[in-house]
Structure formats: C-alpha cells, structure tokens
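Remarks on the structure that follows.
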Amino acid sequence: MSGSHPILCLTLLLNYVTCASSYNLVLLHTNDVHAHIEEMNKYASGCKASDRDKRECYGGVARRVTKINEIRGMDPNHTLLLDAGDQFQGTLWFNIYNGQEAARFMNEMKYDAMSLGNHEFDNGVEGLIPFMENVTFPIVCCNLDTSQQPNMIGLFSRHEILNKGGKRIAIIGYLTEDTSFISNPGKHLHFYDVVDSVKAEVQKIKSMTPKVDILIGVGHYGYGNDKKLAHAVPDLDIIVGGHTHTFLYDMTGPLPSNDEPEGPYPTIVDHGTRKTLIVQDYFAGKYLGFLNITFDSNNNVESWDGLPILLDNNTLQDPNILAEVTEMSKELEAEKQKVVGYSAVYLEGDSKVCRLMECNLGNLITDGMVSHHAHKIPLNGSWSDAAIAILNSGGIRAPIERGNISRGDVLTTMPFRNNVDLINLQGKYLRQALEHSVQHYDKLNRAGAFLQVSGLRVTYDLCKPPGQRVVSAYTRCRRCSSPRYSLLNDDKIYTIVTLDFVIRGGDGFKVIHDHHTDHQPFNEIDSDVFTSYLQSNSPIIKGEEGRITLLEDCAASNSMIIKPNAFNLFVIPLVFFNILLCLL
239 MSGSHPILCL TLLLNYVTCA SSYNLVLLHT NDVHAHIEEM NKYASGCKAS DRDKRECYGG
299 VARRVTKINE IRGMDPNHTL LLDAGDQFQG TLWFNIYNGQ EAARFMNEMK YDAMSLGNHE
359 FDNGVEGLIP FMENVTFPIV CCNLDTSQQP NMIGLFSRHE ILNKGGKRIA IIGYLTEDTS
419 FISNPGKHLH FYDVVDSVKA EVQKIKSMTP KVDILIGVGH YGYGNDKKLA HAVPDLDIIV
479 GGHTHTFLYD MTGPLPSNDE PEGPYPTIVD HGTRKTLIVQ DYFAGKYLGF LNITFDSNNN
539 VESWDGLPIL LDNNTLQDPN ILAEVTEMSK ELEAEKQKVV GYSAVYLEGD SKVCRLMECN
599 LGNLITDGMV SHHAHKIPLN GSWSDAAIAI LNSGGIRAPI ERGNISRGDV LTTMPFRNNV
659 DLINLQGKYL RQALEHSVQH YDKLNRAGAF LQVSGLRVTY DLCKPPGQRV VSAYTRCRRC
719 SSPRYSLLND DKIYTIVTLD FVIRGGDGFK VIHDHHTDHQ PFNEIDSDVF TSYLQSNSPI
779 IKGEEGRITL LEDCAASNSM IIKPNAFNLF VIPLVFFNIL LCLL
C-alpha cells in the first residue's frame, strides 16, 4: 500500500484479534470541506509550484480517495464513512459547479451518510435540491421541518439505519438552528432546537424492533455545542461534528502540520457507566478523520485509538480521480490564475483570528469597500459620503499569502458573491450592531457575526454581560475635508457600506435588518470590489491598526473593585487608625 501508515495498518489488523464478544468499527469522517477539490497549501489556499517543490501540498479529493480505499479495503464490513456538512462554498469550484462537484466525488468515495451544513443553503433551497437528488447516499437531519417546502420532502431522512458487520447502527443527523439567519434557506423552512430534536429521535430509535445497537450523531453544530449535546443525550455513542473547523488531536505528542489542536481526539464525555466520543476533522479536507472503536458485549464504547490522518505527499493521488479533477478544472483555470495584485505581507484570514479579533485582511477588505464607494460619488469639498464599512467575519474564508494574488485566491477568500451596498443607520442602532458583534463571543464556537471594520475604533469589555460590552466607539467623519474620529453619537445618522447579507439580517444582525433606511443596492459583488481595490493599491502593506480593542482580563478588572470582606472592613481601618495615632 503506497503511502500507508504502519501504525494505522497495525491498528486495523488488531480488529481481527479482539475478543469474540466485542465489536470493532472503523470510523472515517470529514466536515467543512468547502469545495476544496484540488490539493492546497498548509493554509488551505491554492497549491502553487513553490509549495509542490517543498512537498507541502495537502488534501484534495484524489488523495482522500486513495486513503479511504486503502482503509476500507482492509475491512469493508466494519468501515463507516460520514460527513458532517458544509461541502458547499469556499472555492471557485463551487462558483462554477454549484455543488455538483461535491456530489460527483462524494459518490465516488461511497460515503455512507452525511448531514447538511448551513452553507448547503447558500444558494437557497433551489441550489441545494440538485445536489440532494444526485447523491447516492442518505442525507440525514432530524431538526429540519420541510412541510412548507414540499419539493424537499423525500430527499433526506431524520435518521438512517445501517448494517455494518452484523450491527444495526443508527445515524442521526442535525443542523445548527442558526442556519435560518447565517445562510439563505428562505422563509419556508423551520429549524428546531437541536438538543430537543436529537433527544426525541433517540427515544424513537430505542423503541424500534429489531433493536439498534449503536447510536451515532452526525451534525453541523460546533465543537462546544457538540459537548453540550453529549451531556444532554448520553445515549449517543459517537458524535461526528463540524461547523467550527475545529482541529482535534493528541494534545501531548508531535503535531503533523501547522494546525494547533483545540482539544483531544476524540474528546470524551464520561457518563459514568458509558462514554460518548466526539470527533471533528478540521476543514477543507486537509485531514481524513480516523477512529477505531471497540464496543463491548453490551454495545458500549470500550476502547478506541486513532487520529486525523494528514493527507500529505505520503498519500498518492488516485490517478483516475486526478484525471477527472484535471479535466473539470480547465473551466476554472484561466480565471483562477489571473494575477490581480501583490501583497508584501501575509494577510491573515483564519477564522481562529478574524472571528475573535481585528485581522489585517478584514482591515484591507473593509478599506476597499469604503474606497470603492468614495471613488463612485465625488462630493464637493468632501472625501466620501460613506466613511464606515462593516463586514461579518464569517465572510472571510481563507488567508492570502505574501506575493502575487490571483483571482482564485480572492474567490477562495471571498466565495459568497454578496453585494456591496449602502445604508443609513442611526447611531444607537450602530451601537447595538457592535454589541451583537461580540454578543456570542466564544473562542471555541467562533461566531461569524464578529465585525471587521473600517472607519470605526471600538473597545469591547468582554468581562461585561452581552449587550453591555461596548466601552467606547469612535466613528470617522464623512463629508469632511480630512478624515477624523469622534465619539459615536446615538442620535446621528451614519452612512455605512456593508454586504446585502448583513442588511438582510444575516449572522443575526436583526437590528440592521429592522432599522436601516435608504438602502442603495449597487449590484456589485464583494469579490469584484476587493479585486478592483487590489489592482489599484498593490503592493499591499496592511497591518493591524488598533481598530478593535478587546478587554478580557476579568480577574484584573475584578481586583480593582474593593469588596466588603473581613480584611477591608476591619484590618485596613485598623492600620489607618494606628498611623493616625503615630502622627498625633
């Protein structure tokens, strides 16, 4: 087996020498592939010649096929391949093929089941249905009500029962309720609470005859939420997660690449008499999740081993799949290779950064939005009619490396094709939007609502309750001869450049949806606006500029408060009294 891992082979061979009363299952899994069909560099951007020379290209469907076939070939009756959603959106492949590339290659890999992700709805229900009709494996989701969307009925199920090696395995799907406002599912779909829905589905499955032996949840819910789900539904043996692009690995040993683990693989939730194993496979198909589980005679998890497998040059690309990729990529190549700019600095676009703090790529994109509008509408004696831009960080999907920037790089970073529009917003509602930016601030479940900004200087105190975290906000003046900053005025009307996605209330910005006025749609795509800015302003030299300040040392904040206790009620006054006696 070319490119095989010796430890992996040993692990799989041990399946055959376990006790007769135990049962082994090999779980392979992916999540958040985001249309990464071709191999990529370590930052999930396009793999360039320099990366290939250094043997630093990863992932791609041709490598994944090789590794899946290698592992499945050793024990097909005990191997399960699952995906936790978000195959859609993320590269030019999706812009050209609209998800049919995912259906084609997932069918060739013979997935056993998948859950839906929020990005599967980015092009509406109409954009999702062709994918659902073309896949040859079941799609599962137990918290989606399609009764008002009849053309989706019959295209998915709440759960699926699979037989693997004589065991009946239930695969229960679920999807974040936030899909209703972070994607474009339309008004006819309803997303129920995940925990309540999974609980109900588990109870239904447990009452079945013949009985189900193993329960696996596969869903697009986020690492932190999956841990809560495991505590709430202890009957789940395994949770295959996605949504937060979380890298889990051995927290003590050497790491295979540049990715820092956010938790152990698997993450264990111990219920006393039984355990739930939680796994996630980072994103973009850079790794293939691999977990070998042994169940005891009562079908409880007994032991496990395995880690995500880095799909590097040690795994050969399947030649037949690679030929298909090469043929399909011809339609993308000319557009993808077009150089549109040059950056002298690394442009940080990782969700672990841009969804938690100011990042230089967010600064660059929002500056481009302001600049684009400033050049469109010349004003007498003024530099712009719109001095502020806000961008949901969920719209930034990848970093951009130093050097030439291609059109493909831009579309990988900004794949959603949102419109850049103009609105007016009263100051108090802008302040509320800034509060919403950090309302769900969480370093594990990183929210795409975190705003990257231009023309604003904001300080947040994360130790304060949600809704009270904006300590100060300064806004850049418009219709002034020279840009300067002043305190945000709750009564003033501000003209803001932002995306139509945000204006529609995307990422939970209901305050903007409900209170904006004078919406001016320009029908200009965000990636096109950014491309134009790169062409006009290269070489790019952009850094962090203190636009966003985060106060999060809660212990230090609390230490400044003198609390009533025995020390400060008795000892401190006594000391001062003695000092006073000495002075007298």
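The numbering of the sequence shown is my numbering, which starts it at 239 and goes up by one. In this text, a Cβ means the ideal position worked out from N, Cα and C, and glycines have one as well.
Per DSSP, residue 724 is not a residue of any alpha helix (DSSP H); the beta strand (DSSP E) it occupies stretches across 723 to 725. Inter-residue distance for residue 554 and residue 318 is about 22 Å (C-alpha atoms, whole angstroms).
Counted as a single uninterrupted DSSP element, the stretch harbouring residue 311 is not any beta strand (DSSP E) but the alpha helix (DSSP H) occupying residues 299 to 312. Nearest to residue 688 by alpha-carbon distance, out of 566, 605, 740, is 740.
Contiguous alpha helix (DSSP H) elements confined to the stretch 672 to 756 occur at 738 to 741, 748 to 753, taking only those with 4 or more residues.
The three-state secondary structure of residue 611, taken from DSSP, is helix.
When DSSP assignments are scanned along the stretch 442 to 480, the uninterrupted stretches of alpha helix (DSSP H) that are 4 or more residues long and fall wholly within it turn out to be 461 to 470. Annotation for residue 579: 643, 772, 773, 776, 778 place their beta carbon closer than 7 Å to its own, counting only its chain and skipping 5 residues before and after. With a 10 Å radius around the Cβ and a threshold of 16 neighbouring Cβ atoms, residue 276 comes out buried. Under DSSP, residue 347 forms no beta bridge with any residue. When the beta-carbon positions are compared, residue 481 and residue 460 come within less than 8 Å of each other. Cβ contact annotation for residue 639 (same chain, cutoff 7 Å, sequence separation greater than five): 281, 283, 584, in chain order. Within its own chain, the residues whose Cβ lies closer than 7 Å to the Cβ of residue 537, once the five positions on either side in sequence are excluded, are 451, 452, listed in chain order.
Between residue 726 and residue 668, the beta carbon gap of about 7 Å places them in contact (Cβ cut-off 8 Å). Rounded to whole angstroms, residue 491 and residue 354 show a C-alpha spacing of 33 Å.
Residue 302 sits buried, since 16 or more C-beta atoms from the chains shown fall within 10 Å of its C-beta.
Proximity to residue 785 across 503, 602, 267 peaks at 602, based on C-alpha coordinates. With contacts defined by Cβ atoms closer than 8 Å, residue 377 and residue 393 form a contacting pair. At least 8 Å separates the beta-carbon of residue 787 from that of residue 519. In the three-state scheme derived from DSSP, where H, G and I count as helix and E and B as strand, residue 764 is classed as helix.
A distance of 8 Å or more separates the beta carbons of residue 260 and residue 569. Using a 10 angstroms sphere on the CB of residue 311, the tally of other CB atoms stays under 16, which defines it as exposed.
Residue burial is scored here from C-beta neighbours: residue 391 has fewer than 16 other C-beta atoms within 10 angstroms and is therefore classed as exposed. In summary, residue 371 is exposed, with fewer than 16 beta-carbon neighbours lying within 10 Å of its beta-carbon over all protein chains present. Around the Cβ of residue 435, a 10 Å sphere holds 16 or more other Cβ atoms; the residue is buried. It is roughly 27 Å from the alpha-carbon of residue 413 to the alpha-carbon of residue 705.
Beta-carbon to beta-carbon, residue 271 and residue 522 are separated by about 6 Å, close enough to satisfy the 8 Å threshold. Out of 464, 548, 397, 294, the CA that lies nearest to the CA of residue 441 is found in 397. With a 10 Å radius around the Cβ and a threshold of 16 neighbouring Cβ atoms, residue 622 comes out buried. Spatial neighbours of residue 742 in its own chain (CB-CB distance under 7 Å, excluding positions within 5 residues in sequence) are listed in chain order as 751. If you draw a straight line from the Cα of residue 665 to the Cα of residue 676, it is about 17 Å long. Counting every other CB atom within 10 Å of its CB across the protein chains shown gives residue 506 a total below 16, marking it as exposed.
Annotation: the continuous alpha helix (DSSP H) that includes residue 567 extends over 557 to 575. Annotation for residue 641: the continuous beta strand (DSSP E) segment containing it runs 641 to 644.
For the stretch 321 to 391, the full-length alpha helix (DSSP H) segments reaching 4 residues or more read 330 to 335, 338 to 347, 362 to 372 along the chain.
In the structure shown, residue 420 falls within a helical segment according to DSSP collapsed to helix, strand and coil.
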